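The letter at position 15 of the sequence shown is residue 18 when you use my numbering, and the numbering goes up by one with no holes. Beta carbons are placed, not taken as given, at the ideal position from N, Cα and C, and that holds for glycine. Note that this is a predicted model, so its numbers are computed, not measured.
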Amino acid sequence: MTYTLDDLVFIMKNLEEGGLESVIIGSTAIELELRTNKFSGDLDLFPTNHFALVEEDFFRTLAFEKGWEYGHTGLGTPKYTVRGPKSQVEVEFYDNIMDFYVPEEILNEAGTIELQGVKIRKISPEDYVVLKSRSEDPDAIDQIRGVNELAKRGKIQLNIRKIRERLSLFPETDVPTMRNRLKQAGIDV
């Protein structure tokens, strides 16, 4: 599934108008870094002023008010199917639940860009690869490798020191596995 910049702006504007602040934590953050106008997959968001898991009524009501389909992710958090101006988009919301964890520092330090008058917050490429290194997704290493290749070609920047520092935000027991996955993808920290 692909969607456009117009679809992304439409969704983020509507969420903001509905009282939901969030940070883009998925591959859309990398695609925004590349300044693309087309995005692949779904839109992964981490709400910063509502809890996705425990405030389900808020998310359900917002979807209903906007005329969007409401469902759940594999973790049981809210998921919307949104008909944007050009494409249909799956919007998945995440929370720190079970093995899914985004440190508060990553969310607080997310960058802000303005697109068509809408302020959008997104994680950095370094934070993306660190979060992916903790993921159980079988494609995670390939996704990290792809970001590393973009950096090698000069399309984006990856600060190895920042990646190393971010690893310290995670449980000590997870770091060796995360380092190993990063190394398999060509990022030696």
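*asked:* Do R184 and V192 have their beta-carbon atoms positioned less than 7 Å apart in this structure?
replied: Counting from 1 along the sequence shown, the entry for residue 192 is found at position 189. Counting from 1 along the sequence shown, the entry for residue 184 is found at position 181. No, the pair does not count as a contact, with Cβ atoms beyond the cut-off.
*Any idea what DSSP makes of L118, helix, strand or coil?*
In the sequence shown, counting from the first residue as 1, residue 118 sits at position 115. DSSP, read as helix, strand or coil, puts L118 in strand.
*Quick one: Cα of Y169 to Cα of E107, how far?*
Looking up residue 169 in the sequence shown gives position 166. Looking up residue 107 in the sequence shown gives position 104. Here the sequence assigns Arg to residue 169, which means Tyr is not the residue at that position. Answer to the nearest angstrom: the Cα atoms are 11 Å apart.
*Distance between beta carbons of I28 and L48, contact taken as under 8 Å*: Walking along the sequence shown from the start, residue 48 turns up at place 45. Walking along the sequence shown from the start, residue 28 turns up at place 25. Their Cβ separation, rounded to whole angstroms, is 7 Å, which keeps L48 and I28 in contact under 8 Å.
*Residues bridged to E93 by DSSP?*
Working through the sequence shown from its first residue, we reach residue 93 at position 90. Bridge partners of E93: T84.
*Give every residue of the same chain whose Cβ lies closer than 6 Å to the Cβ of R194, excluding the five residues on either side of it in the sequence, and list them in chain order.*
Summary: the structure shown does not reach residue 194, with the chain confined to residues 4 through 192, and so no result is reported for it.
*Contact the segment 6-16 vs the segment 92-105: 3+ CB pairs below 8 Å*: Enough Cβ pairs lie closer than 8 Å, so yes.
*Starting from I27, trace the beta strand (DSSP E) both ways and give me its first and last residue.*
Residue mapping note: residue 27 aligns to position 24 of the sequence shown, counting from 1. Where I27 is concerned, the enclosing beta strand (DSSP E) stretches over 25-27.
*Can you grab the Cα-Cα spacing for the pair G22 / T51, in whole Å?*
In the sequence shown, counting from the first residue as 1, residue 22 sits at position 19. In the sequence shown, counting from the first residue as 1, residue 51 sits at position 48. The alpha-carbon atoms of G22 and T51 are separated by roughly 11 Å.
*Limits of the beta strand (DSSP E) - the one that F42 falls within*: What you label residue 42 is simply residue 39 of the sequence shown in a count that begins at 1. F42 -> beta strand (DSSP E) spans 41-43.
*Roughly how many whole angstroms lie between the Cα atoms of G87 and P179?*
Numbered from 1 along the sequence shown, position 84 holds the residue referred to as residue 87. Numbered from 1 along the sequence shown, position 176 holds the residue referred to as residue 179. Looking at the two C-alpha atoms, the distance is approximately 41 Å.
*Mapping DSSP to helix, strand and coil, what is P50?*
Position 47 of the sequence shown, counting from 1, holds the residue named residue 50. Three-state result, P50: strand.
*Using a threshold of 7 Å, state whether the C-beta atoms of K155 and A143 are closer than that.*
Locating residue 155 in the sequence shown gives position 152, counting from the first residue. Locating residue 143 in the sequence shown gives position 140, counting from the first residue. Not closer than 7 Å, so no.
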